[in-house]
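Q: Have a look at this one.
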Amino acid sequence: MTPRSFLLTPELGDYVRASSEPPDDVVADLLAETAALADRGEASPTYQIAPEQGTFMQLLTRALGARRAIEIGTFTGYSALCVARGLPEDGSLLCLDSSAEWTAVARRYWARAGLADRVEVRLGDAHESLRALPAEATFDLAFVDADKTGYADYVEQLHPRMTGNGVVLLDNTLRGGRVLDPQSDDDRALAELNAALAADPRWETVLLPLSDGLTMLRRR
Ligand SMILES: C[S@@+](CC[C@H](N)C(=O)[O-])C[C@H]1O[C@@H](n2cnc3c(N)ncnc32)[C@H](O)[C@@H]1O
144 MTPRSFLLTP
154 ELGDYVRASS
164 EPPDDVVADL
174 LAETAALADR
184 GEASPTYQIA
194 PEQGTFMQLL
204 TRALGARRAI
214 EIGTFTGYSA
224 LCVARGLPED
234 GSLLCLDSSA
244 EWTAVARRYW
254 ARAGLADRVE
264 VRLGDAHESL
274 RALPAEATFD
284 LAFVDADKTG
294 YADYVEQLHP
304 RMTGNGVVLL
314 DNTLRGGRVL
324 DPQSDDDRAL
334 AELNAALAAD
344 PRWETVLLPL
354 SDGLTMLRRR
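The sequence shown begins at 144 in the working numbering and counts up one residue at a time.
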């Protein structure tokens with residue numbers, strides 16, 4: 144598989160995955176179908192989160208006892224499947240994405256996993272969809288994995304919408320290490336946001352070197 148972590152050798156990456164809960168048939172098929180999309184040049188090979196990150200997010204969702212979750216950037220639905228699996232039966236996950244095509248793949252796998260009634264997709268620009276939600280404490284968990292220059296806005300919009308103790312996860316916050324020497328607007332956006340969040344008293348912040356960097360924010 145395409146490595147997601149620049150910090151691990153391919154052999155250590157395999158070891159990390161072999162030392163975590165293995166994927167079941169639904170996940171294995173979703174990973175294979177998404178890899179085939181990338182092989183045909185129809186999607187980026189690094190869009191989907193790494194399997195060990197998915198397993199971590201599922202465990203974290205369950206450990207937090209999260210009931211209501213939101214995802215910004217769903218693609219073919221792997222990260223959403225992991226979060227949805229960590230929710231209780233009456234829990235809910237709202238997915239924001241602009242692609243009807245990619246989220247159609249996601250829906251097939253959520254249905255196979257028996258999660259269809261736990262997940263709702265809202266198509267359109269995620270900034271607008273998020274802004275349209277009531278600005279009240281709603282979500283116990285949020286995962287942000289969409290346009291990188293939009294992360295600062297997503298974090299601001301999420302703040303009033305998170306429950307006290309609610310956790311926000313931000314993907315790709317190491318940008319392959321380029322946060323130290325930004326090469327693009329996306330790299331600069333994440334480097335600036337990382338610095339701002341470390342000094343923001345509204346959030347308890349840790350940047351975990353998992354995969355391409357996963358920042359965890361807890362609303363104080
Ligand atoms: C990196 S992929 C998400 C991968 C997904 N979390 C997973 O693990 O499979 C980014 C997704 O964000 C969506 N996206 C990017 N910018 C967006 C925006 N402004 N509004 C809505 N969706 C957006 C893209 O359509 C794409 O599906």
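Heads up, the beta-carbon is just placed ideally off N, CA and C, and yes, glycines get one too. None of the values given here were measured: they were computed from a predicted structure.
Using C-beta distances below 7 angstroms, list every residue in its chain close to G197, excluding the 5 sequence neighbours before and after it, in chain order.
A: Indexing the sequence shown from 1 puts residue 197 at position 54. The answer, listed in chain order, is Y221, S222 and C225.
Q: Should R318 and D329 be called a contact, given that it needs their Cβ atoms to be closer than 9 angstroms?
A: As a position in the sequence shown, residue 318 is number 175, starting the count at 1. As a position in the sequence shown, residue 329 is number 186, starting the count at 1. Closer than 9 angstroms, so yes.
Q: Taking the beta strand (DSSP E) that L285 belongs to, which residues open and close that run?
A: What you label residue 285 is simply residue 142 of the sequence shown in a count that begins at 1. Correcting the residue identity first, residue 285 is Ala in this sequence and not Leu. Start and end: F282 to V287.
Q: May I ask you to report which of helix, strand or coil DSSP gives V148?
A: In the sequence shown, residue 148 corresponds to position 5, counting from 1. For clarity, residue 148 is Ser in the given sequence; the question names Val instead. Three-state DSSP puts S148 in coil, outside helix and strand.
Q: Compute the distance between the beta-carbons of D355 and F149, then report whether it is under 9 angstroms.
A: For this step, residue 355 is matched to residue 212 along the sequence shown. For this step, residue 149 is matched to residue 6 along the sequence shown. Yes, they are a contact pair.
Q: Measuring straight from C-alpha to C-alpha, what distance separates D157 and E195?
A: To locate residue 157, count along the sequence shown from 1; it is residue 14. To locate residue 195, count along the sequence shown from 1; it is residue 52. For D157 and E195, the distance between alpha carbons rounds to 10 angstroms.
Q: Where does D240 fall in DSSP's three states?
A: Sequence index remark: in the sequence shown, residue 240 carries index 97 (1-based). D240: strand per DSSP, three-state reduction.
Q: Hey, out of L276, L313 and R304, whose CA is closest to K291's CA?
A: For the purposes of this step, residue 291 is identified with residue 148 of the sequence shown, where counting begins at 1. When only C-alpha atoms are compared, the closest one is L313.
Q: Going by alpha carbons, who is nearest to D283 out of A181, H302, L155 and R265?
A: Locating residue 283 in the sequence shown gives position 140, where the first residue counts as 1. The option with the nearest alpha carbon to D283 is H302.
Q: Tell me the DSSP bridge mates of I192?
A: As a working mapping, residue 192 is identified with position 49 in the sequence shown. Paired residue(s): none; I192 is not in a bridge.
Q: So for N315, helix, strand or coil by DSSP?
A: Translated into positions along the sequence shown, residue 315 becomes position 172. In the structure shown, N315 sits in coil (DSSP, three-state: anything other than H, G, I, E or B).
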